[in-house]
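Heads up: the structure comes next, in structure tokens.
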Amino acid sequence: MRLHFWPMVREPQSGSGARMLHDDGQSLDAYLVWIGEIPHLRATGFELIEITKEHAIGRIPYRIEHVGNPMTGVVHGGIVTTLLDTVGGAAVIGRLGKSLTMVTLDLRIDYLRPSTPQHDLFARVECYKLTRNIAFTRGMAYNHDPEDPLASMSATYMLRTPTQRRGDAGEVGR
Amino acid sequence: MSESLEAIIEAARRNRDFAPIIEAIPYARFLGITVDVKGDEITTCMRYRPELIGNPQLPALHGGTLGALLEHASIFQLLWAENVVLLPKIINLTVAYLRSARPQDTYARAFITKHGRRVANVHAIAWQDYRDRPMAQAQAHFLLRSPAA
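Taken in order, these protein sequences are the chains called B and U.
Note that our numbering has the first sequence beginning at 1, numbered continuously upward.
Note that our numbering has the second sequence beginning at 1001, numbered continuously upward.
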């Protein structure tokens, strides 16, 4: 049994028209290709809209399969988590100006209000401190107005992590 | 015919079968979530699919999917508790990523630290092969809503 109580949704906007701004655009090409090929981001329709030294902006379109409350059509917190985690990583790359391997250490999200049904999710994250090993980020998720956020986040990332697993133990060196 | 979510949750608790709730939540279906109830222990599973990969090089599951799994496990644990018949609303969530998650099934279990009248505090862990080697853990607050509210 599937519940569809909210009004039918419009088709998601097409993924074109991305605006890539960066002082050193060339060096981010590899990253942009890499992020464009990540299976989970393709599956959610994620699009990186902007990546600069100051911040990154990304979008996940409103889709029925992202809905967490079938009575209201509000998207699940998990899709907000995916968006903020991803855009946070992009903000670090933007600040670095080059592609680097990293993993999320921790991520905190405060849900300020429900996401508006049928509206896309956007996130804007800045990397406000970069050390040799750790990057600190903070940002917001919103529907159309960055001044009316639906979630705030802060996350830390560990830089220069191995690109391959060590042996078969399933352990990744940290 | 559409039943109310409230009725689905009531029936799920009575029948000890969460499948109808998952069927009603599109995002839970999208992630491939299943729930196993053994006694009072509820284990939430995220079945591996290539669409969950967030790092093709390692490869590893996307961190967002782990956060989502932990949130689902917390919600199901709260729905199992008495007096919770409406979907709890998440207030905040802190996820610590401890190990990268390999491309395989991932499990999660949540523990209610404090179940107040309006707010619950939940701790959740996600693991793959061994429960004592978690991939991620979360601490979260949920707003509980009674039908009358």
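Every residue, glycine too, gets a C-beta built ideally from N, C-alpha and C.
From the options, residue whose alpha carbon lies closest to that of residue i
i, options, result
"U/H1123", "U/P1134, U/D1129, U/R1117", "U/P1134"
"B/A43", "B/T82, B/T116, B/E50, B/T72", "B/T82"
"U/A1012", "U/H1115, U/V1085, U/W1127, U/T1094", "U/V1085"
"B/Y111", "B/E50, B/K129, B/P70, B/I79", "B/I79"
"U/L1005", "B/E37, B/I64, B/G36, B/T72", "B/T72"
"B/K129", "B/L150, B/G45, B/G94", "B/G94"
"U/V1119", "U/D1129, U/S1074, U/L1058", "U/S1074"
"U/L942", "U/E1071, U/R1099, U/L1061, U/L1098", "The structure shown has nothing for residue 942 of chain U, since chain U only spans 1001 to 1149."
As assigned by DSSP and simplified to three states, the class of residue i
i, result
"U/Y1027", "helix"
"B/N143", "coil"
"B/H40", "helix"
"U/L1061", "strand"
"B/H76", "coil"
"B/T131", "coil"
"U/N1083", "coil"
"U/F1076", "helix"
"B/L28", "helix"
"B/T104", "strand"
"U/H1123", "strand"
8 Å contact criterion, which residue i and residue j should meet: CB distance rounded
i, j, result
"U/E1041", "U/R1109", "7 Å"
"U/F1018", "U/I1091", "Between U/I1091 and U/F1018 the Cβ distance is about 23 Å, and since that is not below 8 Å, they are no contact."
"U/I1025", "B/H40", "With a Cβ gap of about 18 Å, U/I1025 and B/H40 do not count as contacting."
"U/T1044", "U/F1076", "6 Å"
"B/I35", "B/A123", "With a Cβ gap of about 14 Å, B/I35 and B/A123 do not count as contacting."
Contact under 9 Å by Cβ, residue i with residue j
i, j, result
"B/L121", "B/R59", "yes"
"U/Y1107", "U/A1136", "no"
"U/L1093", "U/T1065", "no"
"U/F1027", "U/Q1104", "First, the residue type needs correcting, since residue 1027 of chain U is Tyr and not Phe in the sequence shown. For U/Y1027 and U/Q1104, no; Cβs fall outside 9 Å."
Which residues of the segment 105-127 of chain B have a Cβ closer than 9 Å to any Cβ of chain U? Give them in chain order. L105, D106, L107, R108, I109, D110, Y111, P114
Short-range partners of chain U found in the segment 45-79 of chain B, where Cβ spacing is below 8 Å: Sequence-ordered contacts of the segment 45-79 of chain B with chain U read I64, E65, H66, V67, G68, N69, P70, M71, V75, H76, G77, G78, I79 [C-beta pairs closer than 8 Å].
Would you list, in chain order, the members of the segment 1020-1049 of chain U that have their beta-carbon closer than 9 Å to a beta-carbon of chain B? Residues passing the 9 Å Cβ filter: P1020, E1023, A1024, I1025, P1026, Y1027, A1028, R1029, F1030, L1031, R1049.
Members of the segment 1092-1121 of chain U near chain B, C-beta cut-off 8 Å: N1092, L1093, T1094, V1095, A1096, Y1097, R1099, S1100, R1102
Where the segment 136-152 of chain B meets chain U: residues whose CB sits under 8 Å from a CB there: none
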